Structures are given as C-alpha cells and as structure tokens.
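Participant: Pasting in a structure now, in structure tokens, and then I'll have a few things to ask.
Residue numbers (our numbering): 4 to 140.
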C-alpha cells in the first residue's frame, strides 16, 4: 500500500506520477478526505499525468465530468458531496458509467454506501496540522 507525503503543491506531480504507475488493471478509485484536503487537486494532477488536455474541474454541481485521455478511452470524475439520497445516484445513471471501459475517480464515495463497487481502490488523503498531506492507497 503506497504512502506518499506531499509537503507542497510542487510534490504533487511526483505523487500523481507514482499513483499513475500503480494503476495497473484497477479502474475505480474512491477518494476519501475532509473538505479542502486536496482530492480534486490530486485528481487534476493525475489527469494531467494521464494526458488529459482539457480543464479538469470539480464536478460538485454537475456531479460527473468526462475527460478525454491519451492512456484510457475516457475518465469519469464524480463528486457526490451534494448527494442526499441514494435515489439521486440512480437518477444520474451511475451504474451505466460503471460498465463502460473507463477510469473512474469518485470524490465523497461514502455517500454511495452499498453502491460503491467492491473492487474500488480507496485513496485516502489525510491533512496534518502543518498542511502536509499523506496520500495512501
């Protein structure tokens, strides 16, 4: 289980590169962390490392963003922070996204409950008092 310390934004590129090298056959990644821990920022850096050329933004209002990628057919980036009921997850067709040949990044996966695929990889971003981040997956 990799564990990377990120002391500054300058360290994020190396962390994303190590993350991308470890993806292997995994497709679904669940990003855990408090508000402001850096989930979206880390996902942006991962997408950059994977060759996404469009702007990577938080899908907090759209719930899902789709990115074209050089290394994968497509990347789906979900943010379930605003989800209040499981029915909302069904309403966006979440299950349809899961069956596609795509890389999937999920912010606030705890909102999914039992809908979180069992084969998803947990990525934890822990923020310390001195503002360093510990990224574990």
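We put the beta carbon where it would ideally sit given N, CA and C, even for glycine. Model, not experiment: these values are computed from the prediction.
Among the candidates 39, 135 and 27, whose CA atom is the shortest distance from the CA of residue 14?
Facilitator: The residue given as residue 14 occupies position 11 in the chain shown. Cα-wise, what sits closest to residue 14 is 135.
Participant: Name the residue from 82, 57, 88 and 86 whose alpha carbon lies nearest to the alpha carbon of residue 73.
Facilitator: Numbered from 1 along the chain shown, position 70 holds the residue referred to as residue 73. Ranking 82, 57, 88 and 86 by Cα distance to residue 73 puts 57 first.
Participant: By Cβ distance below 8 Å, which residues in the same chain neighbour residue 101 in space, the five residues on each side in sequence not counted?
Facilitator: By 1-based counting over the chain shown, the position of residue 101 is 98. The answer, listed in chain order, is 31, 107 and 120.
Participant: Verify whether the separation of the beta carbon atoms of residue 63 and residue 82 is less than 8 Å.
Facilitator: Numbered from 1 along the chain shown, position 60 holds the residue referred to as residue 63. Numbered from 1 along the chain shown, position 79 holds the residue referred to as residue 82. Cβ distance < 8 Å, so residue 63 and residue 82 count as in contact.
Participant: Please identify the residue among 10, 27 and 35 whose C-alpha is closest to the C-alpha of residue 139.
Facilitator: If you number the chain shown from 1, residue 139 lands on position 136. Measuring from the Cα of residue 139, the nearest candidate turns out to be 35.
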